[in-house]
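If you count the first sequence from 1, position 310 lands on 310 in UniProt numbering, and the numbers rise without skipping.
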Amino acid sequence: MRNEEVLKSEFAPRLVQWQRQHGRHGLLWQTREPYRVWLSEIMLQQTQVATVLDYYPRFVATFPDVQALAAAEEDAVLGLWQGLGYYSRARNLHKAAQQVVNEFGGVFPSERIELERLCGVGRSTAAAIAAFCFNARETILDGNVKRVLCRLFALDGDPANKAFEAKLWTTAEALLPRNAADMPAYTQGLMDLGATVCKRLKPVCAVCPMNDICLAHLQGRTAELPRRKAAVAVKDVALYWLVLRNRAGAVFLTKRPAKGIWGGLWCVPCSESLDDLYALARDFGIQAEDLTEGIEIKHRLTHRQLMILPFTAVAGEQAPVSARIAGEWVAPENLAIYGIPKPLHSYLNAVQNSLF
DNA sequence: TAATCGTGGCA
DNA sequence: TTGCCAAGATT
């Protein structure tokens, strides 16, 4: 294992130097301010950089600091998060801001363990904040780092195996630079290398600073490492939407429960059962024969294939809303301030455009 | 602990 | 169209 010793002593110095020369430097969230780093890390979970570039500036402009975020309404936070996905991140972000204000005196803790107490902040995110903002010698372990490590050491473990996951953490820790001052560049380098060189498809090994010590490259196995995760079963789900408009053109929305898909967002009344949908309609004084069936919308999630069928109707001036359906009539011009599921947002836009 | 949670990009 | 996954965390 002589090669591994060389690898461990060479990796950090090479990565730090490479990051400074060839890494990414213009990203908006590359700062040492914990609030901004934290916000970016949450937004970037399972989300591509290009997507976050759309959301981050608006979010910071609206909530410039953790106090402003803590004082906000949850709906205002979800409204800015609309379309970004994984909405529990937004709800946890809001809670965590209140934790920072109420439990940490408005100041982010500097240690990884303390940061992990914040809602929505796991080990890797906590390590990123600690490393970027406080030079802490803590390692991140995201998809980029896992891929780099699996190739560097030719590790072909099962990604779903917990022992293998633990081995990756241990391996990553053993590679940390000696000098704590290098932690920001090192941490950024881990992500940059994985994102721009050691890519999942078509890695650019020719320009990789590790290509002479990377076992997968030396063995010609970069295409097969890391091992693929077991495919998740995609279930077909039928979803029926009750799209009600009053005479003023407002649409009826209800706030979804925190658990489950689109948790906390605002949506039209809906059900996976058509009979349930008819019952919901009757709560508004509308019979099944008064509903107009729309065109099916296909919406694919990671683990669900949704087939959404909208039913529309015009509700009376004084729609007798049942007490069991809490909600609001929202005028088209006010939709923007509500967090709305992507397919509903698209649907309402399409309907609106077809009317004018 | 394995399942759950969104949306978009790419091949 | 489909598979796979992206700066993962939670339950």
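Backbone N, C-alpha and C define an ideal beta-carbon position, used for all residues, glycine too. Bear in mind that the values here come from a model prediction, so they are computed numbers and not experimental data.
_Buried/exposed call for Glu272, threshold 16 Cβ in 10 Å_ = Counted from its first residue, the first sequence places residue 272 at position 272. With a 10 Å radius around the Cβ and a threshold of 16 neighbouring Cβ atoms, Glu272 comes out exposed.
_Gln30 versus Ala128, Gly263, Arg147, residue with shortest Cα-Cα distance_ = For the purposes of this step, residue 30 is taken as residue 30 along the first sequence, with counting starting at 1. Relative to the Cα of Gln30, the nearest Cα in the group Ala128, Gly263, Arg147 belongs to Ala128.
*Would you list the one or two residues that DSSP bridges to Ala238?*
Working through the first sequence from its first residue, we reach residue 238 at position 238. BP columns for Ala238 point to Met307.
*Bridge partners of Leu115, per DSSP?*
Here the question's residue 115 lines up with position 115 in the first sequence. DSSP, once it has assigned bridges, lists no residue as partnering Leu115.
_Integer-rounded CB distance, given that Leu277 should sit under 8 Å from Tyr240_ = For this step, residue 240 is matched to residue 240 along the first sequence. For this step, residue 277 is matched to residue 277 along the first sequence. So it is a contact: roughly 4 Å between Cβ atoms.
*Relative to the C-alpha of Met43, which residue among Arg112, Gly120, Ala61, Ser9 is closest?*
Start at 1 with the first residue of the first sequence, and residue 43 comes out as number 43. With distances taken between Cα atoms, Met43 lies closest to Gly120.
*Do you know offhand how far Gln67's Cα is from Thr125's?*
Locating residue 67 in the first sequence gives position 67, where the first residue counts as 1. Locating residue 125 in the first sequence gives position 125, where the first residue counts as 1. Roughly 21 Å separates the two Cα atoms.
_Same chain only: Cβ atoms within 6 Å of Thr222, ignoring 5 sequence neighbours per side_ = The residue given as residue 222 occupies position 222 in the first sequence. Answer for Thr222: Arg151, Pro203, Ala216, listed in chain order.
*Is Ile337 buried or exposed, if buried means 16 or more other CB atoms sit within 10 Å of its CB?*
Against the first sequence, residue 337 aligns to sequence position 337. Looking at its Cβ environment, which holds fewer than 16 other Cβ atoms inside 10 Å, Ile337 is exposed.
*Counting only runs of 4+ residues fully inside the segment 126-166, write out the alpha helix (DSSP H) ranges in chain order.*
Uninterrupted alpha helix (DSSP H) stretches at least 4 residues long and entirely within the segment 126-166 occur at 143-152, given in chain order.
*In three-state DSSP terms, what is Arg245?*
Taking the first sequence and counting its residues from 1, one reaches residue 245 at position 245. Arg245 carries a strand assignment under DSSP once its states are collapsed to helix, strand and coil.
*Considering only residues of the segment 43-119, which uninterrupted beta strand (DSSP E) runs meet the minimum length of 3 residues and lie entirely inside it, listed in chain order?*
DSSP runs (the beta strand (DSSP E)) wholly in the segment 43-119: none.
*Please classify Thr292: does DSSP put it in a helix, a strand, or coil?*
Stepping through the first sequence from its first residue, residue 292 is reached at position 292. Strand, per DSSP.
*Where DSSP assigns a beta bridge to Ala313, which residues make up the other side?*
What you label residue 313 is simply residue 313 of the first sequence in a count that begins at 1. Looking at the DSSP assignment, Ala313 forms a beta bridge with Leu244.
_What ranges does the beta strand (DSSP E) occupy inside the segment 323-350, keeping only unbroken runs of at least 3 residues that lie completely in it?_
Listed in chain order, the complete beta strand (DSSP E) runs (minimum 3 residues) inside the segment 323-350 are 328-330.
*Leu215 lies in the alpha helix (DSSP H); which residues open and close that run?*
Along the first sequence, read from residue 1 onward, the residue named residue 215 stands at position 215. Note, Leu215: alpha helix (DSSP H), 215-218.
*Cβ-based neighbour list, Leu344, same chain, cut-off 7 Å, excluding 5 preceding and 5 following*: Along the first sequence, read from residue 1 onward, the residue named residue 344 stands at position 344. Scanning its chain for C-beta atoms nearer than 7 Å, with the 5 sequence neighbours on each side dropped, one finds around Leu344 the residues Cys267, Val268, in chain order.
*Name, in chain order, the residues that DSSP records as bridge partners for Leu253.*
What you label residue 253 is simply residue 253 of the first sequence in a count that begins at 1. Note: Leu253 sits in a beta bridge opposite Glu328.
*If you drop the 5 nearest sequence neighbours on each side, which residues of the same chain put their C-beta closer than 6 Å to that of Cys208?*
Counting from one through the first sequence, the residue named residue 208 turns up at place 208. Contacts found: Val197.
*Looking at C-alpha atoms only, which residue of Phe153, Asn179, Ala50, Ile325 is the closest neighbour of Arg256?*
Locating residue 256 in the first sequence gives position 256, counting from the first residue. Out of Phe153, Asn179, Ala50, Ile325, Ile325 has the C-alpha closest to the C-alpha of Arg256.
*How far does the alpha helix (DSSP H) with Arg282 in it reach, from first residue to last?*
Residue mapping note: residue 282 aligns to position 282 of the first sequence, counting from 1. From DSSP, the alpha helix (DSSP H) with Arg282 extends over 274-282.
*Gly194 classed as buried or exposed, judged by whether at least 16 other C-beta atoms fall within 10 angstroms*: In the first sequence, the residue the question calls residue 194 occupies position 194. Buried.
*asked:* Given the structure, does Ile286 come close to the ligand SAM, in the sense that its CB is under 6 Å from one of the ligand's heavy atoms?
replied: Of ligands this structure carries none, so the ligand SAM is not represented either.
*Which first and last residues belong to the beta strand (DSSP E) in which Ile297 is found?*
Within the first sequence, numbered from 1, the residue matching residue 297 stands at position 297. For Ile297, the enclosing beta strand (DSSP E) covers residues 297-300.
*Go to Pro184, then tell me how far its alpha helix (DSSP H) extends in each direction, as first and last residue.*
Along the first sequence, read from residue 1 onward, the residue named residue 184 stands at position 184. It spans 183-192 - the alpha helix (DSSP H) in which Pro184 sits, taken as one unbroken run.
*So, helix, strand or coil for Trp266, using DSSP?*
Indexing the first sequence from 1 puts residue 266 at position 266. Assigned with DSSP and collapsed to three states, Trp266 falls in strand.
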